[in-house]
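Asks: After the C-alpha coordinates below, expect a handful of questions from me.
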Amino acid sequence: MSAVLKPEARLEPLNEALLDDVLRVEQRAYSHPWTRGNFVDSLKAGYQVMTLMGGDTVLGYFVAMEGVEEVHLLNITVAPEFQGQGWAVLMLDALSVWSRGRGAHWLWLEVRASNNRAQQVYERYGYRRVGERKNYYPAHSGHREDAVVMSLKL
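Put into C-alpha coordinates, the structure is as follows:
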(Lines of atoms letter the chains of each structure in order from A and count residues from 1; the text may use other names and numbers.)
(Lines give C-alpha, C1' and ligand atoms only; values in the text may rest on other atoms or scores of the structure.)
Protein backbone atom coordinates (compact mmCIF):
# COMPACT_ATOMS: atom_id res chain seq x y z
CA MET A 1 0.00 0.00 0.00
CA SER A 2 1.32 3.44 -0.91
CA ALA A 3 1.79 6.15 1.68
CA VAL A 4 -0.09 9.40 1.19
CA LEU A 5 2.04 12.52 1.37
CA LYS A 6 0.62 15.86 2.45
CA PRO A 7 3.61 18.29 2.37
CA GLU A 8 4.46 20.14 -0.80
CA ALA A 9 7.19 18.42 -2.77
CA ARG A 10 10.39 20.13 -3.87
CA LEU A 11 13.56 19.18 -5.73
CA GLU A 12 16.92 19.99 -4.21
CA PRO A 13 20.49 18.93 -4.93
CA LEU A 14 21.67 15.86 -3.04
CA ASN A 15 23.91 16.78 -0.15
CA GLU A 16 25.84 14.80 2.45
CA ALA A 17 23.05 15.27 5.04
CA LEU A 18 20.55 13.46 2.78
CA LEU A 19 22.85 10.69 1.57
CA ASP A 20 21.96 8.17 4.30
CA ASP A 21 18.22 8.66 3.60
CA VAL A 22 18.80 8.22 -0.14
CA LEU A 23 20.80 5.05 0.49
CA ARG A 24 17.97 3.62 2.62
CA VAL A 25 15.53 4.25 -0.23
CA GLU A 26 17.96 2.75 -2.75
CA GLN A 27 18.36 -0.40 -0.67
CA ARG A 28 14.59 -0.84 -0.28
CA ALA A 29 13.92 -0.22 -3.97
CA TYR A 30 16.45 -2.52 -5.63
CA SER A 31 17.87 -6.02 -5.37
CA HIS A 32 21.26 -4.62 -6.50
CA PRO A 33 21.33 -1.06 -5.13
CA TRP A 34 23.86 1.63 -5.81
CA THR A 35 26.48 2.02 -3.11
CA ARG A 36 27.44 5.13 -1.17
CA GLY A 37 30.50 5.25 -3.44
CA ASN A 38 28.33 5.38 -6.57
CA PHE A 39 26.51 8.43 -5.25
CA VAL A 40 29.66 10.13 -3.94
CA ASP A 41 31.44 9.53 -7.26
CA SER A 42 28.46 11.00 -9.14
CA LEU A 43 28.58 14.12 -6.99
CA LYS A 44 32.36 14.45 -7.42
CA ALA A 45 31.99 14.07 -11.19
CA GLY A 46 29.55 16.98 -11.26
CA TYR A 47 26.55 14.95 -12.38
CA GLN A 48 23.06 16.33 -11.85
CA VAL A 49 21.97 14.61 -8.63
CA MET A 50 18.58 15.81 -7.42
CA THR A 51 16.50 14.69 -4.45
CA LEU A 52 12.70 14.93 -4.44
CA MET A 53 11.65 15.90 -0.94
CA GLY A 54 8.25 15.98 0.75
CA GLY A 55 8.87 17.88 3.94
CA ASP A 56 11.83 16.03 5.48
CA THR A 57 11.04 12.79 3.63
CA VAL A 58 12.99 11.57 0.60
CA LEU A 59 10.36 10.67 -2.00
CA GLY A 60 12.87 9.95 -4.73
CA TYR A 61 15.94 11.12 -6.61
CA PHE A 62 17.68 11.03 -9.95
CA VAL A 63 21.24 11.05 -11.22
CA ALA A 64 22.02 12.27 -14.73
CA MET A 65 25.25 12.67 -16.66
CA GLU A 66 25.60 15.39 -19.27
CA GLY A 67 27.22 14.57 -22.59
CA VAL A 68 27.53 16.38 -25.90
CA GLU A 69 23.97 17.47 -26.78
CA GLU A 70 22.60 14.58 -24.71
CA VAL A 71 21.96 13.55 -21.13
CA HIS A 72 22.16 10.02 -19.79
CA LEU A 73 19.82 9.16 -16.92
CA LEU A 74 21.85 6.87 -14.67
CA ASN A 75 19.42 6.36 -11.80
CA ILE A 76 15.87 7.45 -11.06
CA THR A 77 14.12 6.06 -8.02
CA VAL A 78 10.88 6.65 -6.17
CA ALA A 79 10.73 5.32 -2.62
CA PRO A 80 8.62 2.13 -2.71
CA GLU A 81 5.95 3.56 -0.39
CA PHE A 82 5.42 6.54 -2.72
CA GLN A 83 5.37 4.72 -6.06
CA GLY A 84 2.32 5.03 -8.30
CA GLN A 85 1.64 8.64 -7.29
CA GLY A 86 3.24 10.41 -10.27
CA TRP A 87 6.56 11.33 -8.64
CA ALA A 88 8.63 9.66 -11.36
CA VAL A 89 6.91 11.78 -14.01
CA LEU A 90 7.59 14.92 -11.98
CA MET A 91 11.29 14.00 -11.85
CA LEU A 92 11.32 13.17 -15.58
CA ASP A 93 9.80 16.61 -16.22
CA ALA A 94 12.52 18.26 -14.13
CA LEU A 95 15.20 16.26 -15.93
CA SER A 96 13.80 17.22 -19.35
CA VAL A 97 13.69 20.92 -18.46
CA TRP A 98 17.23 20.84 -17.05
CA SER A 99 18.50 18.90 -20.09
CA ARG A 100 16.97 21.33 -22.57
CA GLY A 101 18.53 24.18 -20.61
CA ARG A 102 21.92 22.51 -21.01
CA GLY A 103 21.44 22.26 -24.80
CA ALA A 104 20.70 18.54 -24.91
CA HIS A 105 18.72 17.11 -27.82
CA TRP A 106 18.39 13.57 -26.47
CA LEU A 107 17.84 11.78 -23.19
CA TRP A 108 19.12 8.20 -22.83
CA LEU A 109 18.65 5.49 -20.23
CA GLU A 110 18.96 1.79 -19.59
CA VAL A 111 16.34 -0.19 -17.69
CA ARG A 112 16.32 -3.82 -16.62
CA ALA A 113 14.58 -6.00 -19.19
CA SER A 114 12.45 -7.42 -16.35
CA ASN A 115 11.34 -3.97 -15.08
CA ASN A 116 8.12 -3.71 -17.07
CA ARG A 117 6.60 -1.10 -14.76
CA ALA A 118 9.47 1.34 -15.33
CA GLN A 119 9.47 0.66 -19.06
CA GLN A 120 5.77 1.54 -19.18
CA VAL A 121 6.40 4.81 -17.30
CA TYR A 122 9.15 5.74 -19.76
CA GLU A 123 7.08 4.79 -22.81
CA ARG A 124 4.10 6.84 -21.59
CA TYR A 125 6.51 9.73 -21.13
CA GLY A 126 7.66 9.40 -24.75
CA TYR A 127 10.82 7.32 -24.53
CA ARG A 128 11.30 4.76 -27.28
CA ARG A 129 13.14 1.44 -27.19
CA VAL A 130 16.23 1.71 -29.36
CA GLY A 131 18.28 -1.33 -28.41
CA GLU A 132 19.51 -3.63 -25.71
CA ARG A 133 22.69 -4.30 -23.80
CA LYS A 134 23.29 -7.99 -23.15
CA ASN A 135 24.25 -8.98 -19.60
CA TYR A 136 24.33 -5.34 -18.48
CA TYR A 137 22.98 -5.59 -14.92
CA PRO A 138 24.04 -7.86 -12.08
CA ALA A 139 21.35 -10.36 -11.11
CA HIS A 140 20.90 -13.06 -8.48
CA SER A 141 23.32 -15.95 -8.06
CA GLY A 142 26.06 -14.36 -10.15
CA HIS A 143 23.90 -14.14 -13.28
CA ARG A 144 23.47 -11.03 -15.43
CA GLU A 145 20.35 -9.37 -16.85
CA ASP A 146 19.90 -7.56 -20.16
CA ALA A 147 19.11 -3.86 -20.30
CA VAL A 148 16.64 -2.17 -22.62
CA VAL A 149 18.12 1.04 -24.04
CA MET A 150 15.59 3.86 -24.41
CA SER A 151 15.82 7.40 -25.73
CA LEU A 152 13.73 10.54 -25.83
CA LYS A 153 14.11 13.28 -28.44
CA LEU A 154 13.88 16.64 -26.68
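When you line the sequence shown up against our numbering, it's residues 31 to 184, in that order. Glycine included, C-beta positions come from ideal geometry on N, C-alpha and C.
Going by the beta-carbon positions, is the gap between valine 178 and arginine 159 smaller than 9 Å?
Replies: Yes, Cβ-Cβ distance for valine 178 and arginine 159 is below 9 Å.
Asks: Count the other CB atoms, across all protein chains shown, that sit within 10 Å of the CB of valine 93; report buried if there are 16 or more and exposed otherwise.
Replies: Buried, since its Cβ has 16 or more Cβ neighbours within 10 Å.
Asks: Would you say glutamate 100 and serine 144 are within 9 Å of each other, going by their C-beta atoms?
Replies: Taking 9 Å as the Cβ cut-off, glutamate 100 and serine 144 do not qualify as a contacting pair.
Asks: Are the Cβ atoms of glutamate 153 and serine 129 separated by less than 9 Å?
Replies: Their beta carbons are not under 9 Å apart, which means glutamate 153 does not touch serine 129 by this criterion.
Asks: So what's valine 88 in DSSP terms, helix, strand or just coil?
Replies: Correct three-state label for valine 88: strand.
Asks: Residues bridged to glutamate 46 by DSSP?
Replies: Glutamate 46 is not bridged to any residue.
Asks: If you scan the region 80-138 from start to end, which runs of the beta strand (DSSP E) of 3 or more residues do you find wholly inside it?
Replies: With a minimum length of 3 residues, the continuous beta strand (DSSP E) runs that stay inside the region 80-138 are 87-96 and 100-108.
Asks: Please state whether the Cβ-Cβ distance between leucine 12 and leucine 139 is less than 9 Å.
Replies: Because the chain in this structure spans residues 31 to 184, residue 12 falls outside the shown range and cannot be described.
Asks: Please report the Cβ distance between methionine 180 and tyrosine 166, rounded to the nearest whole angstrom; I am assuming they are in contact, meaning their Cβ atoms lie under 8 Å.
Replies: Contact flag wrong, Cβ pair sits at about 13 Å.
Asks: Roughly how far, in whole angstroms, is the beta-carbon of proline 43 from the beta-carbon of methionine 83, given that I think they are within contact range, below 8 Å?
Replies: At roughly 11 Å, the Cβ-Cβ gap does not stay under 8 Å, so proline 43 and methionine 83 are not in contact.
Asks: How would you label alanine 118, buried or exposed, when you count the other beta carbons within 10 angstroms and need 16 or more for buried?
Replies: Per the 10 Å Cβ criterion, buried.
Asks: With DSSP as the reference, label asparagine 165 as helix, strand or coil.
Replies: The answer is strand: DSSP assigns asparagine 165 an E or B state.
Asks: Of all the options Leu120, Val55, Gly114 and Ala124, which has the alpha carbon lying nearest to the alpha carbon of threonine 87?
Replies: Answer by Cα proximity: Val55.
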